[in-house]
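Residue numbers (the UniProt record's numbering), protein chains in the order written: chain A, 1 to 364; chain B, 1 to 347; chain C, 1 to 290.
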Amino acid sequence: MMSIRPDEIQGLKQAEGFLSLRGLTRRYGNFNAVDDLNLDVAKGELVAFLGPSGCGKTTSLRMIAGLAPSTSGHIVVDGHDITGVPPYRRDMGLVFQSYALFPHMDVARNIAFGLEMRKVGKAEAQERVREAIALVRLSGKEQHRPAQLSGGQQQRVALARALVVRPSILLLDEPLSNLDAKLREEMRNEIRDIQKRLGITAIFVTHDQMEALTICDKVAVMNHGRLEQLGTPLDIYEHPSTAFVAGFVGRINRLAGTASGGLAEVAGVQVAAPGFDGRVEVMVRPHRVSLSAYAPPAGDDRYALAGTVARATFAGDILEYEVEAGGVLMKSEAATRGGEGVLAPGTPVILSWHRRDTFVYAAS
Amino acid sequence: MTTSVKLAAAILALGLLTQGVRAQSSITVMGYSGLFQERYTKAVVEPFMRAHPDIQVTYFPLPSSAAMLGNLRAQKAAPQADVVIMDVSVSKAGTDEKLFDKIDESNAPNVRDLYPAARIPDVAGVGVTFDNLVMLYNAEAVKEPPASWMAMADKANEGKVVIPGIPDIQGVSLVIILNKANGGTDYLKDVSKGIAAMTEIAPNVQTWEPKPEVYVPIVTGQAVLGAGWNARAQVNNQTSGGKLKAAIPQEGTVFQINTINLVANGPGGEAAKTFVNYALSPEAQKAFTESMFYAPTNTKAQISPEALDRTAVKFMDKVIPVDWIALAKVRESIGEQWRRRVLPASR
Amino acid sequence: MNTLALPAREARGMSPAAVAMWLLLPIALVNAVGFLWPVVNLLRMSLNESEATGALIDTVSLATWRNVLTDSFTLELIGNSIGVSLFITLLTLVASYPIAIYLHRSSGLWRTVLLVLVIAPLLTSAVVRTYGWIAILSNQGLVANLLAAFGLAPPRLMFNLTGVVIGLTEILMPYMILALLSGFGRLDPRYEEAALTLGATPLKTFWRVVLPLTAPGMALGCLLCFVLAISSFVTPKLLGGGRVFLLATEIYDQAIVTLNWPVAATLSMIVLVLFGAALALYTRALRRIA
């Protein structure tokens, strides 16, 4: 690994994290798979790369691992620019979506592979393999071939194989997408626990917002190769900086309107929209929209809208209404508490939501 | 019921009728493919059919005598061929396997005019062509006809010599010629002198298995000297415009005999004997010699002087007599010496 | 599935095992007529004897077998054939492997074009291709002229073992490439990437991951090429110049030139035994790999 003179690249001066991406770009012809990605990950942090398929999150991960070349930009780890370093000298642990366990080796030899390549002594290697197998709770399966293991077990072997070499960064490429829903939740927490226990810096690529929000310290939302927003799960959810983030993370009502003089008019309601002019999109999450028979008291910082129930959907834990109001359909949902009745379609209702739950974006 | 009987009767009658109208037999002659087939058909088969309009002759070509024997063995229970033209040693094997009927004056009167060499003891067939080993040379590279077979051992000809090696009988023939030239007496007892002479030639040999035939590399200039059969050499001399020439060196030559054989229980019956007798007749012998330059086996054949010049007839004093039947018994031992001594010298 | 299969079974009155038997019948018949029967005939022929003239003696004896097996030339032939065939197989493997890997990794139209190029030689007979090699390797051929242009004396490339090895290697390469490709199913590029990220250099990745994963394809290709090499006689005949002695060429000579069919049949049976040995070795190797 070569060190970088501080003045060498302007962007590197601001490299603050343990892992810093500076202007990282991958171009295929005219298409930017990853477009000018700038990102800092602090030591011991678990950061999710979240986005729809084709957003560039996996390409970014592969560039960090050294498996895909970058067109321009830099990857800096602990002050060293590793952009041109081949993958086998990068000291990264990568867990593949398909696990990619060597089918011709048993569990123990799969896990020992990285140690062997690093020429770790036999006794130490054995001890570390044993520890890693214990860490992922697979003791007793040492002699099994990957094909003899369940999906979850293979996932654990892949994790142990990546971790046993004590990499500086752990990279996880959609590690849970091949597991069933129940196992996915279990493994997600297990990955989180192990990562925290080892204090390892990790990047977790996923298209599942639940995974990103629940276990990661920070979430980087990506779209069309660009970073839309980097923030804590709370930030991302409560203060989405773009319409895409608001729409991609969690469910949302999207209302079209027009803004002028700091106010936007949507579905007959005036919404505060400082700094906006022209066509806007106003968004509010369904579970932040309450539904009642009366208008909220004035001065309650709530927007209100009268409408009629168009459809009621009872889903057990929540009750969802679609309400027709001011010429648009709006969703409102609330957790069921028991004892409430379900309003029939046609029932007149008042919808209301808090000002701070209202997101306004310029229409694209 | 009655209609079908009538129908069957009608078909039967029709069959008898057509047979009556054709009133001819057909025979199958098995022989070498390629050039031999082409020339033999023109010189012998077609004139025969003109002379015998009632006999239809089909020429069944095969690449080698061994292939013919293989066919005959497979057809032993129900022969398809009537007449076979093949090398004398193979026809000896066929005779021993009782595949042939004996040909003599009684079923082919022309046999009485054949040279004695064409009547081989213990072989059912009789000689139909004589051929002899010749030294082949590329006339562009070699101006004078080589005087000795040992010109092939000349250092100047390194990698330029092609000889069909043992087990091919051309290789055997060469060993016998050189054995006699170097003082050997009975080739059936000892060919070591011939083998020793071959080891001198061996280092110069380009290939012991010239393909498709030994004449081709000499014509193209890929090789300069070689050993081959006279008849084909003469035809190649004509077709190559003189690029390939043939000579009989001082050490002499040996005859190769093709025999004509009558297949036992062949389907053609008497017509087959008629054909055999014609093939041995002076006119057929003359026609084929003038077409392909095999020496005739019939003493009465009047060959044109030009054609005669291309055969070995004028060099009978140079012909070393070979008993191919007796030789067959020691062929394996000659082959063994060839493998152990000649081939290692040619690597 | 089961509920669907049941009525069909009743309607036909046939168990799945019986259906399988019926489906296997045609190939069993073809094999019996096209393979087993000729082999039985060969075996029978090897029990005959031959006179020095080539005349066949119809008998039942082990004399031919005894003669063949006690002849030192036979042992030399067997040794030569195995050695030369193994060498050619190895050379074919080394020459074909990179091509097969490249083909495996290419895609789309390019892959189709390359595959056609690989298969195309199979559409031409080995005889024609061998004549092609004669044109290239002869002492007035392409290679000799090229070497002469650099002032080098051309070595003998043809009418010896070198020519046979070159010709057969090229002729067998399509078979090897196709066998390798068919065995490359397990070779997912992710495995190589995993090895790389675990610190394995590309060379180590090849030895520890790519090679073991492609071993079944290599075993299959080697079996196929060994069997084809040991049984080929056209190319050794045309390019060997009468200097290369192999079982197949000797069988040809015995059957076609010397007319000793019993010896030819006996040697053929020996080749068949060698095939069996190669197949057994392959099966064992495959079990160890898997």
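Virtual Cβ for every residue (Gly too), placed ideally from N, Cα, C.
Restricting to Cα atoms, I'd like to know which of the options is closest to residue i.
i              : options                            : result
E51(C)         : S65(B), P145(B), S89(B)            : S89(B)
Y321(A)        : A315(A), K119(A), R311(A), V328(A) : R311(A)
L86(C)         : L259(C), V234(C), L228(C), D253(C) : L228(C)
K107(B)        : N261(B), F288(B), K314(B)          : Per the sequence shown, residue 107(B) should be read as Asn rather than Lys. Checked all of N261(B), F288(B), K314(B); the closest Cα to N107(B) is N261(B).
A264(C)        : L223(C), D71(C), P154(C), A255(C)  : A255(C)
M68(B)         : S33(B), V44(B), K42(B)             : S33(B)
L267(C)        : T59(C), A278(C), T249(C)           : T249(C)
L135(A)        : D193(A), D106(A), L149(A), A147(A) : D193(A)
N48(C)         : P262(C), E170(C), T197(C), L42(C)  : P262(C)
S192(B)        : P296(B), I177(B), Q75(B)           : I177(B)
I163(B)        : D154(B), V313(B), R119(B), Y215(B) : Y215(B)
G338(A)        : A344(A), V349(A), P345(A), A315(A) : A315(A)
G261(A)        : F276(A), G268(A), F248(A)          : F276(A)
V83(B)         : A118(B), M150(B), V126(B), E105(B) : V126(B)
W338(B)        : M150(B), K98(B), N179(B), V44(B)   : N179(B)
residue 304(C) : L133(B), T207(B), G184(B)          : Outside the displayed range of chain C (1 to 290) lies residue 304(C), so it cannot be described from this structure.
I169(B)        : R341(B), K92(B), R331(B)           : R331(B)
E45(A)         : K196(A), A125(A), S150(A), R26(A)  : K196(A)
R256(A)        : G66(A), V245(A), R302(A), M330(A)  : It is worth fixing the name first, because residue 256(A) is Ala in this sequence and not Arg. Checking every option, the nearest Cα to that of A256(A) belongs to M330(A).
A312(B)        : F293(B), W324(B), T299(B), G70(B)  : F293(B)
I283(A)        : A306(A), V249(A), S292(A)          : In the sequence on display, residue 283(A) carries Met and not Ile. Taking only the C-alpha atoms, the option nearest M283(A) is V249(A).
S291(B)        : K92(B), A43(B), Q24(B), T299(B)    : A43(B)
T214(A)        : E228(A), A295(A), M187(A), I200(A) : M187(A)
A264(B)        : P305(B), T95(B), Y187(B)           : T95(B)
Note the first and the last residue of the continuous beta strand (DSSP E) segment covering residue i.
i       : result
T28(B)  : 25-32
R279(A) : 278-284
P305(B) : Not the beta strand (DSSP E): P305(B) falls in the alpha helix (DSSP H), residues 305-309.
D131(B) : 126-138
D173(A) : 169-173
W149(B) : Where W149(B) is concerned, there is no enclosing beta strand (DSSP E), given that its DSSP letter is neither H nor E.
T201(C) : No beta strand (DSSP E) holds T201(C); DSSP gives it neither H nor E.
W208(B) : Careful: W208(B) lies outside any beta strand (DSSP E) and carries neither H nor E.
V57(B)  : 55-62
W229(B) : 225-229
S260(A) : 253-260
D35(A)  : 31-41
S20(A)  : 19-28
Could you pull the DSSP bridge partners for residue i from this structure?
i       : result
T259(B) : M86(B), G127(B)
M222(A) : L227(A)
P348(A) : T308(A)
E322(A) : R311(A), K331(A)
S235(A) : Just to set this straight, residue 235(A) is Asp in the shown sequence, not Ser. According to DSSP, D235(A) bridges with nothing at all.
D101(B) : L262(B)
Q270(A) : E265(A)
Y361(A) : E281(A)
S292(A) : I350(A)
Could you give the residue range of the alpha helix (DSSP H) that holds residue i?
i      : result
F87(C) : 72-105
A68(B) : According to the sequence provided, residue 68(B) is Met. The question's Ala does not apply to it. That run of the alpha helix (DSSP H) goes 65-74.
- Message: Quick test of the definition: if touching needs 3 or more C-beta pairs under 8 Å, does the region 137-146 of chain B touch the region 104-116 of chain B?
- Response: no
- Any contact of the region 100-116 of chain C with the region 171-183 of chain C, i.e. 3+ C-beta pairs under 8 Å? yes
- the region 79-94 of chain A: positions lying closer than 9 Å to chain C by Cβ: P86, P87, Y88, R89, R90, D91, M92, G93, L94
- Message: Using a Cβ-Cβ cutoff of 7 Å, what residues of the region 97-110 of chain A are near chain C? List them in chain order.
- Response: S98, A100, F102, P103, H104
- Task: Evaluate contact between the region 273-280 of chain C and the region 189-200 of chain C, counting only Cβ atoms and requiring at least three cross-stretch pairs below 8 Å.
- Result: no
- May I ask you to list, following chain order, the residues of the region 152-177 of chain B that have a beta carbon less than 8 Å from some beta carbon of chain C? G159, G165, P167, D168
- Just checking, does the region 275-293 of chain B make contact with the region 48-63 of chain B on the three C-beta pairs under 8 Å criterion? yes
- Using a Cβ-Cβ cut-off of less than 7 Å, give me the residues of the region 97-109 of chain B that come near chain C, in sequence order. E97
- Item | Residues from the region 204-234 of chain B in contact with chain C, defined by Cβ distance under 7 Å | Q206, T207, W208, E209, K211, Q222
- Any contact of the region 228-240 of chain B with the region 23-30 of chain C, i.e. 3+ C-beta pairs under 8 Å? no
- Message: Under 8 Å, with one C-beta from each stretch per pair, do the region 232-243 of chain C and the region 131-143 of chain C reach the 3-pair mark?
- Response: yes
- Task: Check whether the region 193-200 of chain B touches the region 209-228 of chain B, counting contact only when three or more Cβ pairs, one atom from each stretch, lie closer than 8 Å.
- Result: no
- Message: For the pair the region 240-254 of chain B and the region 270-280 of chain B, tell me if three or more CB-CB distances fall below 8 Å.
- Response: no
- Message: Quick test of the definition: if touching needs 3 or more C-beta pairs under 8 Å, does the region 287-303 of chain A touch the region 342-362 of chain A?
- Response: yes
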